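In the working numbering, the protein residues as written are 9 to 359.
Beneath this line is the structure, given in structure tokens, with notes to follow.
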């Protein structure tokens, strides 16, 4: 049986968590129980007890001018004795259908291995930057505590707004949870000051070896060391996602209409033919429903020729709209270069 646990039942997943993620400390589990398990959803597969699970942690994401409630998928696990039976597949399929019913635009995760999620049309859309402090400036450090949470949240929010289009909203509740997260692994979150001016924020954690959890600074105080693919995403409800996509301000047309054919092997509602209409402020998708047996009928209904049909799989559509990769079909499509997709994504969540 597949079902969601109520808050009192969520404790039943602890043994599976310990088996699947032995690197997590009991202190971290206590933090997770208190901070995440009160607001998240836990979907499980039961068969003489819990055999598989996934957790859906809600985040408020700012996406251009929109604010979306989006789930971050974590703690995807199956008991070692019950693997290779399709349990996780059944959970992911149920999860996506439920998200589709809720009209969630997309979901995201940090994969243990890319190959686990590509069969479900998840695709990388974000490379995690790794920064290090630079220069010889003597920065003052102030640990983020109760009296500086608001300051840290405001600084982080402003820093993100000035650089990115897609990110998790930072507020006092977010920062309080982040402080507890790094503290659970014997770490701390610190504001960095140059004189009296806050110029950055750094998080360090780790029990056996200290690692940098995050580093945000003003220009000139840090340098990029490397980037690595980190976050995979899947569009779940295309018509809920596309309103944030628009034409570029210098587009040669006031309106662009595209006959879009999406291929989605796992969410039937997404597959098929759509009319996609874009202007300079937004766009919308309209499904071509009804008894359309051939693309020629769809083209006749919309008065387009075959050159105006854009064929995309859902993962290619996802990677394109989130600014990660331009599919070949898009490069060849007349007018697609005028579409202003998302281009500045920042999703550095770990838990």
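Cβ atoms here follow ideal geometry from the backbone N, Cα and C, with glycine treated the same way.
A quick note: this is a predicted structure, and the numbers were derived from the prediction, not measured.
Inter-residue CB distance, residue i and residue j (contact presumed, cutoff 8 angstroms)
{"i": "residue 37", "j": "residue 49", "result": "Their Cβ separation, rounded to whole angstroms, is 18 angstroms, which puts residue 37 and residue 49 out of contact at 8 angstroms."}
{"i": "residue 105", "j": "residue 322", "result": "So it is not a contact: roughly 14 angstroms between Cβ atoms."}
{"i": "residue 116", "j": "residue 80", "result": "6 angstroms"}
{"i": "residue 229", "j": "residue 203", "result": "Residue 229 to residue 203, Cβ: 13 angstroms. No contact."}
{"i": "residue 145", "j": "residue 233", "result": "Residue 145 to residue 233, Cβ: 18 angstroms. No contact."}
{"i": "residue 262", "j": "residue 287", "result": "6 angstroms"}
{"i": "residue 320", "j": "residue 337", "result": "6 angstroms"}
{"i": "residue 318", "j": "residue 349", "result": "So it is not a contact: roughly 13 angstroms between Cβ atoms."}
{"i": "residue 334", "j": "residue 253", "result": "So it is not a contact: roughly 14 angstroms between Cβ atoms."}
{"i": "residue 275", "j": "residue 108", "result": "6 angstroms"}
Bridge partner(s) assigned by DSSP for residue i
{"i": "residue 366", "result": "Because the chain in this structure spans residues 9 to 359, residue 366 falls outside the shown range and cannot be described."}
{"i": "residue 234", "result": "138"}
{"i": "residue 114", "result": "243"}
{"i": "residue 71", "result": "74 and 174"}
{"i": "residue 1", "result": "It is not possible to answer for residue 1, since the shown part of the chain is limited to 9 through 359."}
{"i": "residue 360", "result": "Examination of residue 360 is not possible in this model, given that the chain is present from 9 through 359 alone."}
{"i": "residue 201", "result": "148 and 206"}
{"i": "residue 60", "result": "53 and 86"}
{"i": "residue 196", "result": "212"}
{"i": "residue 353", "result": "174"}
{"i": "residue 222", "result": "211"}
{"i": "residue 38", "result": "In DSSP, residue 38 forms no bridge with anything."}
{"i": "residue 348", "result": "254"}
{"i": "residue 131", "result": "241"}
{"i": "residue 271", "result": "321"}
{"i": "residue 10", "result": "53"}
Contact set for residue i: own chain, Cβ-Cβ below 7 angstroms, skip 5 residues either direction
{"i": "residue 238", "result": "118, 134, 135 and 136"}
{"i": "residue 39", "result": "188, 189 and 192"}
{"i": "residue 152", "result": "160, 183, 187, 197, 198 and 199"}
{"i": "residue 344", "result": "338"}
{"i": "residue 88", "result": "27"}
{"i": "residue 127", "result": "none"}
{"i": "residue 9", "result": "54"}
Sequence-distant residues of the same chain with beta carbon closer than 6 angstroms to residue i, five excluded per side
{"i": "residue 351", "result": "331"}
{"i": "residue 265", "result": "285"}
{"i": "residue 31", "result": "none"}
{"i": "residue 148", "result": "201"}
{"i": "residue 44", "result": "65"}
{"i": "residue 142", "result": "230 and 231"}
{"i": "residue 35", "result": "192"}
{"i": "residue 177", "result": "68 and 70"}
{"i": "residue 360", "result": "The structure shown does not extend to residue 360, since the chain is modelled only from 9 through 359, so no value can be given for it."}
Beta-carbon proximity check, residue i vs residue j, cutoff 8 angstroms
{"i": "residue 85", "j": "residue 24", "result": "yes"}
{"i": "residue 150", "j": "residue 198", "result": "yes"}
{"i": "residue 26", "j": "residue 52", "result": "no"}
{"i": "residue 294", "j": "residue 251", "result": "no"}
{"i": "residue 60", "j": "residue 96", "result": "yes"}
{"i": "residue 99", "j": "residue 62", "result": "yes"}
{"i": "residue 339", "j": "residue 267", "result": "no"}
{"i": "residue 215", "j": "residue 326", "result": "no"}
{"i": "residue 78", "j": "residue 112", "result": "yes"}
{"i": "residue 341", "j": "residue 240", "result": "no"}
Own chain, CB closer than 8 angstroms to residue i, minus 5 neighbours either side, in chain order
{"i": "residue 211", "result": "186, 190, 195, 196, 197, 198, 220, 221, 222 and 223"}
{"i": "residue 236", "result": "135, 136 and 138"}
{"i": "residue 271", "result": "279, 319, 320, 321 and 322"}
{"i": "residue 289", "result": "254"}
{"i": "residue 90", "result": "55, 59 and 60"}
{"i": "residue 445", "result": "In this structure the chain extends from 9 to 359, so residue 445 is not present and cannot be described."}
{"i": "residue 15", "result": "45 and 46"}
The stretch 150-170 touching the stretch 251-261, judged by at least three CB pairs closer than 8 angstroms | no
On the three-pair Cβ rule with 8 angstroms, is the stretch 243-250 touching the stretch 216-228?
-> no
Is the stretch 53-72 touching the stretch 169-181 in the sense that three or more CB pairs, one from each, lie closer than 8 angstroms?
-> Result yes; three or more Cβ-Cβ pairs closer than 8 angstroms.
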